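Asker:
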Amino acid sequence: MPGIVEVDDLIKEFRTFDRREGLIGAIADLFHRRYQTLRAVNRITFEIRPGEMVGYIGPNGAGKSTTIKMLTGILVPTAGAVFANGFIPWKHRTAYTRTIGVVFGQRTQLWWDIAVVESFRLLKRIYDVSDADYRARMKQFDDILELGRYLHTPVRKLSLGERMRCDVAAAMIHNPPLVFLDEPTIGLDIVAKENIRTFLHEVNRRYGTTMLLTTHDLSDIEELCRRLMIIDHGSLLFDGGLQELKDRLWQESALRVELRDQDQALRLEALHIPDVVCDRIDKLTYRLHFPRESWSTAEVVRQIVNAVEVRDIAIEEQSIEEVVRRIYLGEELKEWSR
Amino acid sequence: MEPVKGRAGVFAAGRPGLVGVAGRRSPGMGTAAVYAEFARMGFMNMLAFRLRYYTGIITYFINVSVYYFIWRAIYTYDPNFAGMSFPQIITYVAVGWVIRSLYFNNIDSQMATDILEGKISMIMLKPVSVQGSYVSRVLGESAFRLVMLTAPTALVIAFLFPVVPPASALHFGAFVAAVGFSVLIVAGLNFIVGTCAISLKSILGLLRAKFWMQELLSGLLVPVTLFPSPFREISGLLPFQHIGFTPMMIYLGKLNGAEIMRVFALEAFWVIFLLAFGAWFWGRLSRRLTIHGG
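Going down the list, the protein sequences come from chains A and B. Using my numbering, you'd call the opening residue of the first sequence number -12 and step up by one each time. Using my numbering, you'd call the opening residue of the second sequence number 544 and step up by one each time.
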């Protein structure tokens, strides 16, 4: 199946004006400016197939939003190609934007000072949505997002959660096959986040809508996306499944063991299993960690239970947050570069 | 590329424009309705700030009063100054300010804010022309001001100042049409000025310069016929005098028949030129657009 989005060797550079210090520097700037070229997106290549939900993550300033802005046709790339829904976004902007939906979590596309429903009416007109479709969709939006209560309120009076629900709904009013969401859950409480995730999931399930979403909340990714792309310093570091990411970066397993009494503790300390490191946490609690390639967790558990009397044993979960934190901090980056 | 087929369901029934480049819509009635909707939004948006307009009426009244006394002082010395009688010059000033309340808009600074704060992206993400959406918003705002500002100001001023009626019913009709051109000329100019914000870090200076140039060269403060020689000729080559001076000359009956048709042609030229240049200019500069944050 061909990609609904095809990105090839995409580059975006910004030229920034480098200011000199002090009064003399400021005067010198008047006559001769020094420019610096900053590469925000560096040779990114990927493809998204119809119906996929892809998470796009990276630390602040990694180039996520710049990529989205190029994919949505707002910014013109320095080099490289984008083909989405059959269009080159920045060249066929008006025709292309008809076929996509976009949410920028930090901005609103709704008119600030007038009732939400007026913005929806404008969008209905812009996208040429029939009355029947409009009514049916508004009802469906209302079922999950519960928009009805604040449709007649000016946007400036809405809470962030209410506004975001309206914005997400507004991006779907024309049922676009391709939707870009830039931090759609930023600043929301758990209920509002859950609400928006349910909605996105439902839209994807029902209409096969392709979605690319950026977020800093990895539970968004865990709940919605099977595929994950990680970008940092403008380059794509990882592109694959969530499980694959965990498997590849998760090189050590850990157990937490609580023993019956001091005797058993001494016996555990005496017990020597190669490659397994045993750290004492408090009187009767120990943390054991070992490389995944030399031991399976089950095997280590079996050996311990056979050797000592255990009151409690817990397997430490490797969280996706932990994995991603390590990538952001630059750990094992070389191994990841493609 | 194959269009993506939506699955069965209510949404799928109405998925528009999924046919690639071939599916690009030609402008037509649907498009006009979209921009009419933008105009309606402009109107609604002004409604949210209607209180501002009650003070607006007072501001305009004060401005006309100031000019009334200045011109009265001048006419005490020379009753035939500038080839106009005293009632004519008062009419020129008063009606000039009344129509200013209609054609004046600040989309140049609104646009600059939208560009510098990145809000412009919200318009660019819609399948509409950026220029079309701003210009139609101006029309909605002007319609709002006609009801809330221009009409009440006209009533107050006609009641308090010795304003003469239009030269004839025909002149009045031509005057109304000329004011329509004024609205479009100002909208076209302001879109171009707003677009400059793309390549400027700060646009305040340009906005101020354009504001005063428009106030002066439109003939709002003094009729352009009073400008000293080289400036008068230069201003004749610019679009500004058609914003205020030309409609007033029609109102006062200083232009007739063929002359009116000639200025209409000139005004139509300026509207087309400014809108076309604005569209081209936007197309060029928007490639250099940088949207920070978010």
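The beta-carbon is built from N, C-alpha and C at its ideal position, and this holds for glycine as well. Values in this document were obtained by computation on a predicted structure and should not be read as measured data.
(1) Tell me, please, whether the region 103 to 115 of chain A touches the region 571 to 589 of chain B by the rule of three or more beta-carbon pairs shorter than 8 Å.
(2) Contact between the region 24 to 39 of chain A and the region 213 to 225 of chain A: three or more CB pairs below 8 Å?
(3) Answer with buried or exposed for residue 24 of chain A, where buried requires no fewer than 16 other C-beta atoms within 10 angstroms of its C-beta.
(4) Taking a Cβ distance cut-off of 7 Å, strictly less, list which residues of the region -4 to 12 of chain A are near chain B, in chain order.
(5) According to DSSP, what are the bridge partners of residue 5 of chain A?
(6) Any beta-carbon of chain B closer than 7 Å to the one on residue 112 of chain A?
(7) Quick check on the burial criterion: 16 or more other C-beta atoms within 10 angstroms. Buried or exposed for residue 776 of chain B?
(8) In whole angstroms, give me the CA-to-CA distance for residue 674 of chain B and residue 739 of chain B.
(9) For the region 783 to 792 of chain B against the region 750 to 763 of chain B, are there 3 or more C-beta pairs whose distance is under 8 Å?
(10) What three-state label does DSSP hand residue 216 of chain A in the structure shown?
(11) In chain order, what residues of the same chain have a beta carbon less than 6 Å from the beta carbon of residue 568 of chain B, not counting five sequence neighbours either side?
(12) Please compile the residues from chain C whose C-beta is within a distance smaller than 7 Å of the C-beta of residue 830 of chain B.
(13) Out of curiosity, what's the CA-to-CA distance linking residue -11 of chain A and residue 36 of chain A?
(14) I'd like to know if the region 41 to 51 of chain A and the region 201 to 210 of chain A are in contact, where contact means that at least 3 CB-CB pairs between them fall below 8 Å.
(15) The beta strand (DSSP E) that contains residue 245 of chain A, what's its start and end?
(16) Assess, as a yes-or-no matter, whether the region 695 to 712 of chain B is touched by the region 615 to 625 of chain B under the definition of 3 or more beta carbon pairs within less than 8 Å.
(17) By the DSSP assignment, the alpha helix (DSSP H) with residue 695 of chain B in it spans what residues?
(18) By a C-beta neighbour count over all protein chains shown, 10 Å radius and 16 as the cutoff for buried, is residue 291 of chain A buried or exposed?
(19) Is any heavy atom in the ligand PLP found nearer than 6 Å to the beta carbon of residue 215 of chain A?
(20) Please list, in chain order, all residues of the same chain as residue 736 of chain B whose beta carbon is under 6 Å from its beta carbon, the five residues on each side excluded.
(21) Over what stretch of residues does the alpha helix (DSSP H) that includes residue 129 of chain A continue unbroken?
(22) From what residue to what residue does the alpha helix (DSSP H) around residue 605 of chain B run?
(23) Is the separation between the beta-carbon of residue 63 of chain A and that of residue 77 of chain A shorter than 7 Å?
(24) State buried or exposed for residue 231 of chain A, treating a residue as buried only when at least 16 other CB atoms are found within 10 Å of its CB.
(25) Grouping DSSP H, G and I as helix and E and B as strand, with all else coil, what is residue 79 of chain A?
(26) So with CB distances below 9 Å, who are the chain B contacts of residue 101 of chain A?
(27) If you draw a straight line from the alpha carbon of residue 555 of chain B to that of residue 162 of chain A, how long is it in whole angstroms?
(28) Which of the three DSSP states is assigned to residue 287 of chain A in this structure?
(29) On the three-pair Cβ rule with 8 Å, is the region 144 to 153 of chain A touching the region 170 to 182 of chain A?
(30) Using 7 Å as the limit for Cβ to Cβ distance, is residue -8 of chain A near chain B?
(31) If you follow the alpha helix (DSSP H) that residue 222 of chain A is in, where does it begin and where does it stop?
(32) Is DSSP giving residue 71 of chain A helix, strand or coil here?
(33) Among all the DSSP beta bridges, which residues are the ones paired with residue 624 of chain B?
(34) Looking only at C-alpha atoms, which of A:311, A:317 and A:316 sits nearest to residue 42 of chain A?
(35) To the nearest angstrom, how far is it from the Cα of residue 818 of chain B to the Cα of residue 677 of chain B?
(36) Could you give the first and the last residue of the continuous beta strand (DSSP E) run that contains residue 200 of chain A?
Answerer: To lay it out plainly:
(1) yes
(2) yes
(3) Taking the first sequence and counting its residues from 1, the one referred to as residue 24 of chain A is at position 37. Looking at its Cβ environment, which holds fewer than 16 other Cβ atoms inside 10 Å, residue 24 of chain A is exposed.
(4) 1
(5) Here residue 5 of chain A refers to the residue found at position 18 of the first sequence. The partner list for residue 5 of chain A (beta bridge, DSSP) reads A:21.
(6) For the purposes of this step, residue 112 of chain A is taken as the residue at position 125 of the first sequence. Yes, because at least one Cβ of chain B sits closer than 7 Å to the Cβ of residue 112 of chain A.
(7) Taking the second sequence and counting its residues from 1, one reaches residue 776 of chain B at position 233. It is exposed - the Cβ of residue 776 of chain B has fewer than 16 other Cβ atoms within 10 Å.
(8) Position 131 of the second sequence, counted from the start, is the residue given in the question as residue 674 of chain B. Position 196 of the second sequence, counted from the start, is the residue given in the question as residue 739 of chain B. Between residue 674 of chain B and residue 739 of chain B, the C-alpha separation is close to 13 Å.
(9) yes
(10) Along the first sequence, one-based indexing puts residue 216 of chain A at 229. Strand, per DSSP.
(11) The sequence position of residue 568 of chain B within the second sequence is 25, counting from 1. Legend: pLDDT at residue 568 of chain B = 43, less than 50; position of this residue unreliable, value from coordinates given subsequently. Result list for residue 568 of chain B: empty, nothing under 6 Å.
(12) Among the chains of the structure shown, chain C does not appear; the protein chains present are A and B.
(13) Locating residue -11 of chain A in the first sequence gives position 2, counting from the first residue. Locating residue 36 of chain A in the first sequence gives position 49, counting from the first residue. Each residue's alpha carbon lies about 7 Å from the other.
(14) yes
(15) Here the question's residue 245 of chain A lines up with position 258 in the first sequence. Residues 239 to 246.
(16) no
(17) By one-based count along the second sequence, residue 695 of chain B stands at place 152. Segment 694 to 703, the alpha helix (DSSP H) holding residue 695 of chain B.
(18) Residue numbering aside, residue 291 of chain A sits at position 304 when the first sequence is read from its first letter. Burial call: buried.
(19) Summarising the ligand content, the structure contains no ligands, and the ligand PLP is consequently not present.
(20) Working through the second sequence from its first residue, we reach residue 736 of chain B at position 193. Excluding positions up to five away in sequence, the list reads 651 and 753.
(21) For the purposes of this step, residue 129 of chain A is taken as residue 142 along the first sequence, with counting starting at 1. Here the alpha helix (DSSP H) through residue 129 of chain A covers 118 to 132.
(22) What you label residue 605 of chain B is simply residue 62 of the second sequence in a count that begins at 1. Run containing residue 605 of chain B: 594 to 620, per the alpha helix (DSSP H) assignment.
(23) Working through the first sequence from its first residue, we reach residue 63 of chain A at position 76. Working through the first sequence from its first residue, we reach residue 77 of chain A at position 90. Yes, these two residues count as a Cβ contact at 7 Å.
(24) Position 244 of the first sequence, counted from the first residue, corresponds to residue 231 of chain A. The residue in question, residue 231 of chain A, is exposed, as its Cβ has fewer than 16 Cβ neighbours within 10 Å.
(25) Walking along the first sequence from the start, residue 79 of chain A turns up at place 92. Coil at residue 79 of chain A, not helix or strand.
(26) Translated into the one-based positions of the first sequence, residue 101 of chain A becomes position 114. Per Cβ cutoff of 9 Å: 584, 587, 588, 590 and 591.
(27) Here residue 555 of chain B refers to the residue found at position 12 when the second sequence is read from its first residue. Here residue 162 of chain A refers to the residue found at position 175 when the first sequence is read from its first residue. Summary for residue 555 of chain B: the model assigns pLDDT 35, below 50, so the residue's position carries little reliability; its value from the coordinates is reported in the next sentence. Those two C-alpha atoms are separated by around 7 Å.
(28) Indexing the first sequence from 1 puts residue 287 of chain A at position 300. Residue 287 of chain A falls in the helix class under three-state DSSP.
(29) yes
(30) Taking the first residue of the first sequence as 1, we reach residue -8 of chain A at position 5. Taking Cβ atoms only, chain B never reaches closer than 7 Å to residue -8 of chain A, which makes this a no.
(31) Taking the first residue of the first sequence as 1, we reach residue 222 of chain A at position 235. That residue, residue 222 of chain A, is in no alpha helix (DSSP H); its beta strand (DSSP E) goes 222 to 228.
(32) Here residue 71 of chain A refers to the residue found at position 84 when the first sequence is read from its first residue. In the structure shown, residue 71 of chain A sits in a strand (DSSP, three-state: E or B).
(33) On the second sequence, residue 624 of chain B is found 81 positions in, with the first residue counted as 1. Residue 624 of chain B is not bridged to any residue.
(34) What you label residue 42 of chain A is simply residue 55 of the first sequence in a count that begins at 1. It is A:311.
(35) What you label residue 818 of chain B is simply residue 275 of the second sequence in a count that begins at 1. What you label residue 677 of chain B is simply residue 134 of the second sequence in a count that begins at 1. Taking the straight line joining both Cα atoms gives about 11 Å.
(36) The residue given as residue 200 of chain A occupies position 213 in the first sequence. Segment 197 to 201, the beta strand (DSSP E) holding residue 200 of chain A.
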